[in-house]
Amino acid sequence: MSLAAELNAVTANFKNAPAEITGPIIKAKTDFVATFDPTKAIQPGTKLPPFTLPNASGTPISSASLLSHGPLLLTFYRGSWCPYCNLVLRSLQAQLPALTSKSCTLVAISPELPDTSLSTVEKNELQFPVLSDVGNKLARELGIVFEQPDELRPVFEQFGHNLKGRNGDDSLVVPVPAVIL
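If you're matching positions, the sequence shown starts at 1 in full-length UniProt numbering and goes up one per residue.
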């Protein structure tokens, strides 16, 4: 099944959820569309600022070391709680051989702590680095963050998603899913 078909299936399934789940999620999407300004995000041709972030084992990884092997493809995702993000990560894993054949290094980045990133790596059988941008520092620098509305907090709690345990803080700020080459 193609990534588009898998994403459409998640969306179709979402429509069957109760209003107390769908309402806050639809509000978050509406808020995002109304407030996110893509002109403030990193633009094509802009040089990536240097960064160092811990990988899923907690080892600091620098952008300089990643770039020393060739082109760098970064994918920012909201977190392991996001079904869309997990589908995209698995799709990227399937594309990994094609990327590495071009000497391109694929790296995923989320605001989740290294322990949570390690679970994501294991659950999705990822063979590329997953880095932790705790507090969304890099995502903020790139202009790709969104503060989700507080109405989403009960939805996260209902599904057992402990954001403080996953991200190290209670913030509802997430990176806008983005791919940067």
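Here a beta-carbon is modelled for each residue, glycine too, at the ideal position from N, C-alpha and C.
For Phe146, the enclosing beta strand (DSSP E) covers residues 145-147.
Nearest C-alpha to Gln95 among Pro83, Thr22, Ser117, Leu126: Leu126. Judged by their CB atoms, Leu106 and Phe128 are nearer to each other than the 8 Å cut-off. Excluding its 5 nearest sequence neighbours in each direction, Ser57 has C-beta neighbours in its own chain below 8 Å: Pro114, Leu118, listed in chain order. DSSP places Thr75 within a strand segment (E or B) once states are collapsed to three.
For Ile61, no alpha helix (DSSP H) encloses it; the enclosing beta strand (DSSP E) starts and ends at 60-62.
When beta bridges are read from the DSSP output, Asn124 appears opposite no residue. For a cut-off of 8 Å, the C-beta gap from Ile144 to Pro111 is around 11 Å, too long to register as a contact.
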